[in-house]
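*Asks:* Here it is: the structure, laid out below.
Residue numbers (the numbering used here), protein chains in the order written: chain Y, 4 to 157; chain E, 19 to 348.
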């Protein structure tokens, strides 16, 4: 089940997604009318199934066809995986920022760090260092960098 | 020594790769079978009854084509049926880069050669070989430690799918499986159950009943459309299976969906179908080992075996195999 929070401020719309994107999701109904450029905050998406992907592409492709400008922020791992697996998943939208997964062996804790895609590109996709509360920290990027940043390569 | 001396089944190897030789020898040791390195595929087919498993290095599509021709020639000559269940292809490339393979009838079992020698996974693979050589169905519990508890759920309504996935997530979270791995496993369950509920049901002539029905439309499942979900976890390995009562899954269709690649080509929404056509490739690239077993007109069982790790990186790069087996004719 997906929950949507929407805020229209002046010339733009901010939409926040929270939950699972699956077959019961109807983006047209959940998002409704929008004004100006749209920012989709994706941090709260926990998983997306195959029919959810189809629904996603149908909705964002229609936004693109209507000439709307939109971008995605704080894309979590399930969305990054789709960006990497399906070449047209972003449907022309800008991916402004993504969440990078880390794991600290000392705390045995999963954590994420937000990163702008422009910064990653500027730094040749170098993985930023993060620190957890333990000192010395042992947090390491927890994915295959080659795969995780595949969609950012030209 | 009696007249009916039992001939120990052999593990045959058609490969010059040292990794393959080590692996085949290990499989032989686990099953107390002799390792046999024949000079040609023809030799293997001449003694097919004595072969428990044949490992073949996928050197190139041409080499596999030659292998396939040899198999067909022997099949015609000896008028004997070759069960591809015993043939195991090994490659350095994944299935999407080996698409030619899926058109060969001998294609049944496949895995990408890992960089290192297998540990625990070797035993797991041997379990699979054993089931294959006996023509038996995979039993989820056989892939788990003896203390593992199996849960069985019969799904009687399409809405049960999401409840089942949520229950699975809660169970794995409680078992301290990392969140990302939990979500991937739940997604695999979601896709497999959805396929069993919407893609498997077909009429007497094999025509799909619900392939155009919106997946969001809720309905109660009649007795013959109910889906059986089994799962077990022993603290290290998670295993689940999803069974439909139709046995309509076509080998070519399964392999085609598994090996689809949307990185190099765009995904286009097919308005004529309610499904996305993406589920199996998602599972194949993120889940774990997959076994498809179809008894034509009776049932299809898909089994997923995933080892859980502290890090997602290890989870994702774990050894995984694919096995597609058909019993009976479609």
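Beta carbons: idealized from backbone N, C-alpha and C, even for Gly.
Apart from the five residues on each side of it in sequence, which residues of its chain come closer than 7 angstroms, Cβ to Cβ, to residue 135 of chain E?
*Replies:* Within the second chain, numbered from 1, the residue matching residue 135 of chain E stands at position 117. 40.
*Asks:* Per DSSP, which residues does residue 8 of chain Y bridge with? Please list them.
*Replies:* Here residue 8 of chain Y refers to the residue found at position 5 of the first chain. Answer is Y:19.
*Asks:* Do residue 91 of chain E and residue 27 of chain E count as a contact pair if the criterion is CB distance below 8 angstroms?
*Replies:* For the purposes of this step, residue 27 of chain E is taken as the residue at position 9 of the second chain. For the purposes of this step, residue 91 of chain E is taken as the residue at position 73 of the second chain. In this structure, residue 91 of chain E does not lie closer than 8 angstroms to residue 27 of chain E by Cβ.
*Asks:* By a C-beta neighbour count over all protein chains shown, 10 Å radius and 16 as the cutoff for buried, is residue 21 of chain E buried or exposed?
*Replies:* The residue labelled residue 21 of chain E in the question sits at position 3 within the second chain. With a pLDDT of 46 at residue 21 of chain E, under the threshold of 50, the predicted position of this residue should be treated as unreliable, and no value is reported.
*Asks:* Give me the Cβ distance between residue 100 of chain E and residue 66 of chain E, rounded to the nearest whole Å; I'm assuming they're in contact under 8 angstroms.
*Replies:* Taking the second chain and counting its residues from 1, one reaches residue 100 of chain E at position 82. Taking the second chain and counting its residues from 1, one reaches residue 66 of chain E at position 48. Yes, residue 100 of chain E and residue 66 of chain E are in contact; Cβ-Cβ is about 6 angstroms, under 8 angstroms.
*Asks:* Enumerated in chain order, which unbroken segments of the beta strand (DSSP E) with a length of 3 residues or greater are wholly contained in the segment 314 to 348 of chain E?
*Replies:* Runs found: 317 to 325 and 339 to 345.
*Asks:* For the segment 35 to 92 of chain Y, list the beta strand (DSSP E) runs that are entirely contained and at least 3 residues long, ordered along the chain.
*Replies:* Here the runs fully enclosed are 40 to 51 and 73 to 76.
*Asks:* Run through DSSP, which three-state label would residue 165 of chain E get?
*Replies:* By 1-based counting over the second chain, the position of residue 165 of chain E is 147. Here residue 165 of chain E sits in coil by DSSP.
*Asks:* Output, in chain order, the set of chain Y residues within a Cβ distance shorter than 8 angstroms of residue 209 of chain E.
*Replies:* Here residue 209 of chain E refers to the residue found at position 191 when the second chain is read from its first residue. Those within 8 angstroms of residue 209 of chain E in chain Y are 52 and 53.
*Asks:* Any beta carbon of chain E sitting closer than 8 angstroms to that of residue 18 of chain Y?
*Replies:* By 1-based counting over the first chain, the position of residue 18 of chain Y is 15. No, because no Cβ of chain E sits closer than 8 angstroms to the Cβ of residue 18 of chain Y.
*Asks:* Which term fits residue 222 of chain E, buried or exposed, when burial requires 16 or more other beta carbons within 10 angstroms of its beta carbon?
*Replies:* As a first step, residue 222 of chain E must be located in the second chain, where it is residue number 204. Classification of residue 222 of chain E: exposed, given that the 10 Å Cβ count is below 16.
*Asks:* Any beta-carbon of chain E closer than 8 angstroms to the one on residue 88 of chain Y?
*Replies:* As a working mapping, residue 88 of chain Y is identified with position 85 in the first chain. Residue 88 of chain Y counts as touching chain E.
*Asks:* Below 6 angstroms CB to CB, which residues in the same chain sit around residue 315 of chain E once its five sequence neighbours on both sides are set aside?
*Replies:* Within the second chain, numbered from 1, the residue matching residue 315 of chain E stands at position 297. Around residue 315 of chain E: 265.
*Asks:* If we define contact as Cβ-Cβ less than 8 angstroms, is residue 120 of chain Y a contact residue for chain E?
*Replies:* Here residue 120 of chain Y corresponds to residue number 117 of the first chain, with the count starting at 1. For residue 120 of chain Y, the answer is no, since every Cβ of chain E falls outside 8 angstroms of its Cβ.
*Asks:* DSSP three-state label for residue 100 of chain E, please.
*Replies:* Counted from its first residue, the second chain places residue 100 of chain E at position 82. Here residue 100 of chain E sits in coil by DSSP.
*Asks:* Under 8 angstroms between C-beta atoms, does residue 82 of chain Y make it to chain E?
*Replies:* Reading the first chain from its first residue, position 79 is the one you call residue 82 of chain Y. Not one chain E Cβ lies under 8 angstroms of residue 82 of chain Y.
*Asks:* Alpha helix (DSSP H) containing residue 105 of chain Y: first to last residue?
*Replies:* As a first step, residue 105 of chain Y must be located in the first chain, where it is residue number 102. From DSSP, residue 105 of chain Y is part of no alpha helix (DSSP H) but of the beta strand (DSSP E) over 100 to 107.
*Asks:* Determine whether the beta carbon atoms of residue 300 of chain E and residue 342 of chain E lie at a separation below 8 angstroms.
*Replies:* By 1-based counting over the second chain, the position of residue 300 of chain E is 282. By 1-based counting over the second chain, the position of residue 342 of chain E is 324. No. Outside cutoff.
*Asks:* Where residue 148 of chain E and residue 118 of chain Y are concerned, what is the direct C-alpha to C-alpha distance, given to the nearest angstrom?
*Replies:* For the purposes of this step, residue 148 of chain E is identified with residue 130 of the second chain, where counting begins at 1. For the purposes of this step, residue 118 of chain Y is identified with residue 115 of the first chain, where counting begins at 1. Their backbone Cα atoms lie some 48 angstroms apart in a straight line.
*Asks:* Assuming residue 261 of chain E and residue 239 of chain E are in contact, meaning their beta carbons sit under 8 angstroms apart, how far apart are those beta carbons, in whole angstroms?
*Replies:* By one-based count along the second chain, residue 261 of chain E stands at place 243. By one-based count along the second chain, residue 239 of chain E stands at place 221. Not really, about 13 angstroms apart at Cβ, beyond 8 angstroms.
*Asks:* For residue 261 of chain E, which of helix, strand or coil comes out of DSSP?
*Replies:* In the second chain, counting from the first residue as 1, residue 261 of chain E sits at position 243. Residue 261 of chain E falls in the strand class under three-state DSSP.
*Asks:* State the beta-bridge partners of residue 28 of chain E as determined by DSSP.
*Replies:* For the purposes of this step, residue 28 of chain E is taken as residue 10 along the second chain, with counting starting at 1. Partner(s): E:52 and E:69.
*Asks:* Of all the CB atoms in chain Y, is at least one closer than 8 angstroms to the CB of residue 118 of chain E?
*Replies:* For the purposes of this step, residue 118 of chain E is taken as the residue at position 100 of the second chain. Chain Y contact via Cβ: absent.
*Asks:* Pull up the distance between the alpha-carbon of residue 112 of chain E and that of residue 18 of chain Y, whole angstroms please.
*Replies:* Position 94 of the second chain, counted from the start, is the residue given in the question as residue 112 of chain E. Position 15 of the first chain, counted from the start, is the residue given in the question as residue 18 of chain Y. Between residue 112 of chain E and residue 18 of chain Y, the C-alpha separation is close to 38 angstroms.
*Asks:* Using a Cβ-Cβ cut-off of less than 7 angstroms, list which residues of the segment 26 to 37 of chain Y approach chain E; keep chain order.
*Replies:* Against chain E - using a Cβ distance shorter than 7 angstroms - the residues of the segment 26 to 37 of chain Y are 26 and 27.
*Asks:* Could you please give the first and the last residue of the uninterrupted alpha helix (DSSP H) stretch that includes residue 236 of chain E?
*Replies:* Stepping through the second chain from its first residue, residue 236 of chain E is reached at position 218. Element bounds for residue 236 of chain E: n/a, residue is neither H nor E.
*Asks:* With a threshold of 6 angstroms on Cβ separation, who are the neighbours of residue 165 of chain Y within its own chain once the five nearest residues in sequence on each side are excluded?
*Replies:* As displayed, chain Y neither begins before 4 nor continues past 157, which places residue 165 of chain Y out of reach and without an answer.
*Asks:* Checking contacts by CB at 8 angstroms: is residue 31 of chain E closer than that to chain Y?
*Replies:* Taking the second chain and counting its residues from 1, the one referred to as residue 31 of chain E is at position 13. Chain Y, which has no Cβ nearer than 8 angstroms to the Cβ of residue 31 of chain E, makes this no.
*Asks:* DSSP puts residue 75 of chain E in a beta bridge; with which residues?
*Replies:* Here residue 75 of chain E corresponds to residue number 57 of the second chain, with the count starting at 1. Paired residue(s): E:108.
*Asks:* Mapping DSSP to helix, strand and coil, what is residue 293 of chain E?
*Replies:* The residue you call residue 293 of chain E lines up with position 275 of the second chain. In the structure shown, residue 293 of chain E sits in coil (DSSP, three-state: anything other than H, G, I, E or B).
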